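Down below is the structure, laid out as structure tokens.
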Amino acid sequence: MRLGRGAARAQGGETDSNRAASLRQEAIAYEHGEGVARDPLRAAALYCASARLGDMQAQYNLGWMYAHGRGVARDDAAAAFFFQAAAEQGLGVAERMLHVVGGATDEVPECLRAPPPDQPAAARPGVNYALTAPRKIVELVHKMAPQYQVEPQLALAIIAAESNFNTQALSPKNAQGLMQLIPETSERFNVKNPYDPAQNIRGGLTYLRWLLAYFEGDLALVAAAYNAGEGKVERYRGVPPYLETRAYVQRILKAVGATAHPFDRTVAPPSPALERIRLALRRK
1 MRLGRGAARA QGGETDSNRA ASLRQEAIAY EHGEGVARDP LRAAALYCAS ARLGDMQAQY
61 NLGWMYAHGR GVARDDAAAA FFFQAAAEQG LGVAERMLHV VGGATDEVPE CLRAPPPDQP
121 AAARPGVNYA LTAPRKIVEL VHKMAPQYQV EPQLALAIIA AESNFNTQAL SPKNAQGLMQ
181 LIPETSERFN VKNPYDPAQN IRGGLTYLRW LLAYFEGDLA LVAAAYNAGE GKVERYRGVP
241 PYLETRAYVQ RILKAVGATA HPFDRTVAPP SPALERIRLA LRRK
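Note that UniProt numbering gives residue 147 to position 147 of the sequence shown, counting from 1, and the numbers run on in steps of one.
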């Protein structure tokens with residue numbers, strides 16, 4: 001739970017990674033006139049397409065263009081946004097540049113307002129966990145999930161992505177157990193021993209039920225929030241432009257075979273940003 005905290009990294013991001021790298025290389029060529037006529041506006045558009053896919057170097061390069069007014073109008077707010085996106089993925093130089101341009105901003109640049117990753121058209125679950133996961137864990141999830149109004153397939157998909165069903169999983173960021181609960185989440189949902197399968201699953205299911213209500217059953221947003229945090233989903237008005245998170249969302253949607261999930265409106269009010277997120281998606 002939270003970007004980079006899962007013990008089992010999401011699979012399936014290679015396509016986005018390759019596309020993003022290709023777009024970035026093309027942008028570099030247009031920015032510097034390497035083998036093509038120099039075209040800074042074309043470079044900026046290509047950088048942004050790569051940045052949407054989560055390429056932190058493209059995010060940094062585009063931030064640099066905005067910070068210095070090279071080929072585009074100088075815009076410190078746009079520069080800060082792209083520097084922050086790159087810094088959040090671990091690019092140290094972006095963190096330093098973020099301070100140079102005045103710190104973080106919540107205004108999403110127009111070119112970065114993109115729909116969630118492509119959603120699979122499958123109408124049935126893409127993974128049969130009864131054949132691939134430990135029987136005791138599958139049975140426990142099927143017993144507990146309905147009590148929290150969560151489809152067992154969703155809970156199993158999260159467990160597979162987070163810990164690969166390892167009850168003792170511990171990430172470098174101290175996310176623990178099957179559903180990779182960070183200590184704050186364990187405390188929030190009264191999980192005393194995150195390495196106990198039943199307690200960990202209970203905490204994860206409680207959080208999933210809350211996220212489902214908060215994002216009104218939108219599984220792309222729910223999965224992105226479980227991976228990167230609901231605040232990041234709200235800030236980016238959709239799935240954040242991180243390679244890991246995009247791959248994670250794709251993995252969950254494919255495993256579940258759906259893009260929406262029933263939710264209980266009495267559990268939590270919807271995110272204050274939900275209408276803005278929907279509006280941003282409708283513009284595309």
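No residue lacks a Cβ here, since even glycine has one placed at the ideal position from N, Cα and C. Note that this is a predicted model, so its numbers are computed, not measured.
For the structure I just gave you, are there three or more beta carbon pairs, one from the region 130-143 and one from the region 248-262, closer than 8 Å? no
Can you tell me whether GLN89 is helix, strand or coil according to DSSP? coil
Can you tell me the Cα-Cα spacing of ALA122 and ALA21, whole angstroms? The predicted position of ALA122 is uncertain, since its pLDDT is 46 and thus under 50; a value taken from the coordinates is nonetheless stated next. When rounded, the distance between both Cα atoms is 28 Å.
GLN59 - DSSP class collapsed to helix/strand/coil: helix
Separation of LEU156 from ASN164, as counted between CA atoms: 10 Å
As assigned by DSSP and simplified to three states, the class of GLN149: coil
Residue from PRO241, GLU184 and GLU275 whose Cα sits closest to the Cα of ASP16: PRO241
Same chain, Cβ closer than 6 Å to LEU154, neighbours up to 5 away in sequence not counted: VAL256
Roughly how many angstroms lie between the CA atoms of ILE201 and ALA45, to the nearest whole one? 43 Å
Can you tell me the Cα-Cα spacing of GLY71 and ARG251, whole angstroms? 38 Å
Relative to the C-alpha of VAL101, which candidate in GLY54, ALA78, SER50 and PRO194 has its C-alpha closest? ALA78
By how many angstroms is the C-alpha of ARG24 removed from the C-alpha of ALA58? 6 Å
Can you round the beta-carbon distance between ARG52 and LEU112 to whole angstroms, since I take them to be within the 8 Å contact cut? 6 Å
Answer yes or no: do ALA145 and LEU219 have a C-beta to C-beta separation smaller than 8 Å? no
For ALA20, three-class secondary structure by DSSP: helix
Exposed or buried, ASN190, counting other C-beta atoms within 10 Å across all chains shown (16 or more means buried)? exposed
Residues near ALA233 by beta carbon distance below 6 Å, same chain, minus five either side: Rather than Ala, the amino acid found at residue 233 in this sequence is Val. Taken in chain order, the residues that qualify are LEU221, ALA224 and ALA225.
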